[in-house]
Every structure is written in C-alpha cells, then in structure tokens.
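These notes are about the structure you will find just below.
Numbering (my numbering), first residue to last: 21 to 94.
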C-alpha cells in the first residue's frame, strides 16, 4: 500500500476529545498534494496518526452546513 501524504493547511476546530487524548477535528487538509478539502476525522495528539474520516469539497461542506442547520432547528 502506498504512503499517503497529507498536510494540514488550516486547523478549523476541535469537535470532541476522547479519554485517550485523540481529538475529532475539522481541518483543511491537502491529501497527496491535491487542493485542500474540508476534513473531519480523529487525530492523535501530535497529528502523527489518524483515524478514518470524511473529506468534503467546499460545495459538499456548504450542503452539509445547510442540512445540519435544518435538522437542528426541528
């Protein structure tokens, strides 16, 4: 399996922290040199390891924002 290269371009916020110190974060991340995408996933304390997550384009992030806004108002 090929190495995955990533660069956290901007840390946007921490969503939660586990008792083991890992944090679920929203960041802008460039994967393998591609344009940065919005990324939600668990990270080890120094960002040396990561869990499974989801990446979103700007349009997908706007749609998710809208859907969450509608769902949370109900």
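For each residue, glycine too, the CB sits at the ideal point set by N, CA and C. Computed from a prediction, not measured in an experiment: that's the story for all the values here.
Straight through space, the alpha carbons of residue 57 and residue 80 are spaced by roughly 10 Å. In this structure, the beta-carbon distance from residue 31 to residue 47 falls below 8 Å.
Ranked by Cα distance from residue 64, the first of 38, 89 and 94 is 38.
Between residue 59 and residue 42, the CB-CB gap reaches or exceeds 8 Å. Contact between residue 35 and residue 44 holds: their C-beta atoms lie close to 4 Å from each other, under 8 Å.
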